[in-house]
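Written out below as structure tokens is the structure these notes cover.
Number of protein chains: 2
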Amino acid sequence: MITREIALARAQQIIASQKLDALVVASPWNVRYLAGTYFLTQKVIPDRLALVVVTPNAEPSFIYCSIEDASAQDESWLDDLRGYTEFVDRPMHVLADQLRVRGIATGRIGIETDYLVSTHSAELRAELPQADFVAAQGWVDKARMIKTPEEIAWLGKTTLATDAAIRAAFAATQIGEPQFNVGDRMVAHARRSGADGLQHLVLATGDTAFKVHAVPDITPLKAGVPLRVDFGMTWHGYLSDIARTAFLAPLQPRQADTYRRLEAVQQTVIASLRAGTRACDAYALCAKAYARQGLPFGMPHIGHSIGLVLHEKPMLHPRDETVLMPGMVFMVEPAVVAHDGVYHTEDMVEITEGDPRVLSRSADWAEPMEIGG
Amino acid sequence: MITREIALARAQQIIASQKLDALVVASPWNVRYLAGTYFLTQKVIPDRLALVVVTPNAEPSFIYCSIEDASAQDESWLDDLRGYTEFVDRPMHVLADQLRVRGIATGRIGIETDYLVSTHSAELRAELPQADFVAAQGWVDKARMIKTPEEIAWLGKTTLATDAAIRAAFAATQIGEPQFNVGDRMVAHARRSGADGLQHLVLATGDTAFKVHAVPDITPLKAGVPLRVDFGMTWHGYLSDIARTAFLAPLQPRQADTYRRLEAVQQTVIASLRAGTRACDAYALCAKAYARQGLPFGMPHIGHSIGLVLHEKPMLHPRDETVLMPGMVFMVEPAVVAHDGVYHTEDMVEITEGDPRVLSRSADWAEPMEIGG
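If you're matching them up, the sequences are chains A and B in order. In the working numbering, each number is its position in the first sequence, counted from 1, plus 329. In the working numbering, each number is its position in the second sequence, counted from 1, plus 329.
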């Protein structure tokens with residue numbers, strides 16, 4: 330996970346390079362990055378704003394709803410804690426006060442306009458009419474693109490645990506049991522590996538095999554069809570995200586053939602992820618690999634970075650020209666519309682000075698897995 | 330659940346009363362309300378905007394990321410489906426095109442500025458410089474305040490199922506088992522009642538008993554302490570939310586006494602929720618009931634409405650003067666900081682023409698529940 334020292338140093342670099350008097354972050358992920366804590370309620374009640382105010386050479390302020398006092402005191406690495414009372418204090422007023430106290434009511438203030446809703450932005454501008462607000466659009470997100478060794482270790486561990494949870498759930502699967510059971514086993518296994526929340530749980534099979542974001546229900550698992558999952562948990566604010574496809578016995582030759590072609594595509598793309606190449610090049614290469622394997626290709630993107638957000642930049646899509654650098658991590662996730670459903674696989678790849686490093690395979694996955702037989 | 334007819338009629342009422350040429354909704358909850366479908370990815374990837382454009386006397390347009398094509402075609406009750414290609418089309422450009430096609434590039438357009446981020450708002454204004462944009466702030470949310478009988482039936486059913494899941498999980502609880510197990514049982518039970526996703530799962534006991542939003546971990550359950558959960562699932566876009574507190578055996582007289590006082594507060598507040606009273610009055614009454622029971626009171630709010638959003642308006646807080654009307658539903662959730670943790674209870678109450686109707690009690694809950702003994 331990120332440390333206080335590195336996160337705040339990166340914020341100060343933004344302040345220096347953008348000639349700011351203050352940097353204000355509002356998105357739950359960047360608040361997590363700079364304050365060291367993530368409040369569950371920010372996800373379910375976005376109005377309950379949390380903000381971090383960073384200024385040069387001073388302890389940052391952490392503004393949050395006082396309902397979270399115990400968590401903030403216990404978990405945040407920031408010292409200047411400013412809890413506001415919900416429905417009494419307005420978060421934008423508390424923020425404006427903090428900026429006034431720091432003598433920068435007329436300063437140049439970078440603020441996350443790609444997270445703050447228009448209503449809040451307007452409120453802040455009214456509070457500080459003299460300030461020069463600049464859109465801190467993606468600045469902290471860009472800083473987050475290069476993961477520290479501690480972050481990569483954490484992401485590798487949690488991703489491997491997610492993959493192991495899927496594998497364990499698949500291994501125990503029986504034809505005829507309700508779809509639910511597979512999902513429940515995945516979640517329970519991941520929780521026992523340290524996950525603190527569910528991010529997403531897609532399960533597609535039988536009648537829902539072609540739906541990208543199907544969810545498990547009580548339907549009994551059928552024989553002879555693919556079972557696809559796309560599953561992620563939360564781990565102290567960091568996310569995991571793994572898709573796998575297995576086959577409910579009996580595995581058929583046509584299924585095995587398509588699966589192996591998809592796996593060949595995956596290995597081709599992974600091998601190409603080297604420092605110095607561009608994100609869009611991996612996409613183009615992937616499209617060619619599909620053609621070479623005789624698979625239809627129609628994906629708008631074939632992968633994404635990950636960390637405190639599910640789809641972080643860079644994205645492996647045709648318009649992202651970001652040059653890959655050591656310390657980036659990608660989820661590479663080709664999928665194919667086969668004759669009996671969408672097949673999907675997903676791996677975490679670390680960009681290094683040399684060969685790409687796969688962090689997500691708790692098992693081989695090179696061969697199609699037959700389950701439930 | 331809401332029906333197409335009523336949802337669109339309410340949108341047309343907004344258009345008429347606000348003299349709009351178009352109403353554009355962007356929040357996942359209001360898109361769910363008007364389009365009849367909810368995309369899981371809107372929650373985890375908010376950039377993947379979905380929008381509904383309503384104009385007088387025409388079929389509304391549903392703009393969404395084409396990754397969701399299968400779901401939109403299968404689930405939405407709207408006919409004019411406009412999937413855009415992620416990373417190629419810009420959603421705000423697609424929206425502007427739809428408005429131009431409808432001949433209202435210079436019209437009066439209500440748009441959800443309390444959901445759209447500043448970046449998107451600015452993009453839309455640049456696309457349609459002649460349009461008169463007005464903040465459709467809370468308009469659809471206000472329309473959603475009065476639930477239809479079908480919505481109340483659905484909310485009652487899903488809330489009762491959530492309560493039953495907690496009760497079943499408590500009944501099976503054993504001292505010494507990991508906290509996880511309780512949560513896993515709750516989720517599995519609710520899924521079997523039809524829930525399609527997890528909304529939130531708070532579990533506090535032992536060392537975390539005072540943390541408002543603690544999550545379960547591997548720690549074994551201790552004897553003689555309270556076990557508090559706050560648990561919600563998703564049900565076709567609608568949410569459930571129930572908090573309950575039980576006591577790991579042996580139940581102590583002091584615990585039972587505090588629990589009964591909290592329950593007395595709860596019954597007092599519930600009884601007061603009648604058409605014609607104001608939300609803030611229930612809050613004031615609750616504060617008095619705490620005092621009468623000799624309990625410390627420090628809650629910023631004591632309840633909220635619920636539906637497609639966890640905390641819907643009206644809120645039972647000191648500044649919400651909304652007059653209660655039949656068809657509103659409230660989650661009433663007093664909590665108290667006791668000597669050995671926070672005790673919390675939560676019930677769904679329907680406002681009727683007569684007595685308030687409690688929809689959430691799958692069991693009595695009037696007496697403290699001893700578990701694990």
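Using N, Cα and C, we set each Cβ at its ideal position, and we do this for glycine too.
4-residue-minimum alpha helix (DSSP H) runs that sit fully inside the region 570–647 of chain B, ordered along the chain: 582–601 and 608–621
Using a Cβ-Cβ distance under 8 Å, would V373(B) count as near chain A? yes
Quick one: what does DSSP say T491(B) is sitting in, helix, strand or coil? helix
Mapping the DSSP letters down to three states, classify V469(B) as helix, strand or coil. helix
How is D536(A) classed by DSSP in three states: helix, strand or coil? helix
Secondary structure of E650(A), DSSP reduced to three states: coil
Please name the residue or residues paired with F391(A) in a DSSP beta bridge. V381(A) and L410(A)
Check each candidate in M677(A), E699(A) and M698(A) and name the one with the smallest Cα separation from S689(A). M677(A)
In the DSSP assignment, what residue or residues form a beta bridge with R431(B)? Bridge partners of R431(B): none, in fact.
C-beta neighbour in chain A for A498(B), strict 8 Å: no
Where does the unbroken alpha helix (DSSP H) through T513(B) begin, and where does it stop? The question names Thr, but residue 513(B) in the sequence shown is Asp. Start and end: Q508 to R521.
For Q508(A), the nearest candidate out of V383(A), S569(A), L653(A) and T534(A) (CA to CA): T534(A)
So who's on the other strand from I700(B), going by DSSP bridges? L577(B)
Provide the residue(s) that pair with G670(A) in DSSP beta bridges, ordered along the chain. A667(A)
Whole angstroms are fine: how far does the CA of Q402(B) sit from the CA of P385(B)? 23 Å
If you draw a straight line from the alpha carbon of A501(A) to that of V558(A), how long is it in whole angstroms? 15 Å
Is P549(A) helix, strand or coil when you go by DSSP? strand
Which residues in chain A sit within 8 Å of E415(B), going by Cβ to Cβ distance? P629, H630 and H646
Would you check if the region 682–696 of chain A and the region 606–623 of chain A touch, i.e. whether three or more CB-CB distances between them fall below 8 Å? no
Give every residue of the same chain whose Cβ lies closer than 8 Å to the Cβ of P625(B), excluding the five residues on either side of it in the sequence, and list them in chain order. Y619, V665 and V666
Partner residues on chain B for Q528(A), Cβ-Cβ distance less than 7 Å: V373
Should A465(A) and L352(A) be called a contact, given that it needs their Cβ atoms to be closer than 8 Å? yes
By alpha-carbon positions, which one of A604(A), L527(A), A695(A) and I635(A) ends up nearest to K372(A)? L527(A)
Straight-line gap, R437(B) to L453(B) (C-alpha atoms, nearest Å): 14 Å
How close, in whole Å, do the beta carbons of V360(A) and L380(A) come, if the pair is a contact with beta carbons under 8 Å? 7 Å
Measuring CB to CB, does V516(B) end up less than 8 Å from L530(B)? yes
Nearest to I700(A) by CA position, among I547(A), P478(A) and F576(A), is which residue? F576(A)
Where D398(A) falls: helix, strand or coil (DSSP): helix
8 Å Cβ cut-off: residues of chain A touching V544(B): L369, D525 and G526
Considering only residues of the region 334–376 of chain A, which uninterrupted alpha helix (DSSP H) runs meet the minimum length of 4 residues and lie entirely inside it, listed in chain order? 357–364 and 369–373
For A464(B), which residues does DSSP report across the bridge? I440(B)
Can you tell me which of the three DSSP states W483(A) falls into? helix
Which residues does DSSP pair with M562(A) in a beta bridge? L527(A)
Compute every distance between the C-beta of L624(B) and the non-hydrogen atoms of the ligand GDP, then say whether any falls below 7 Å. For the ligand GDP, the structure offers nothing, since it holds no ligand at all.
Taking Cβ-Cβ distances shorter than 9 Å, what residues in chain A pair up with Q466(B)? T448
Compare the Cα-Cα distances from G439(B) to each of Q596(B), D376(B) and V463(B) and report the closest residue. V463(B)
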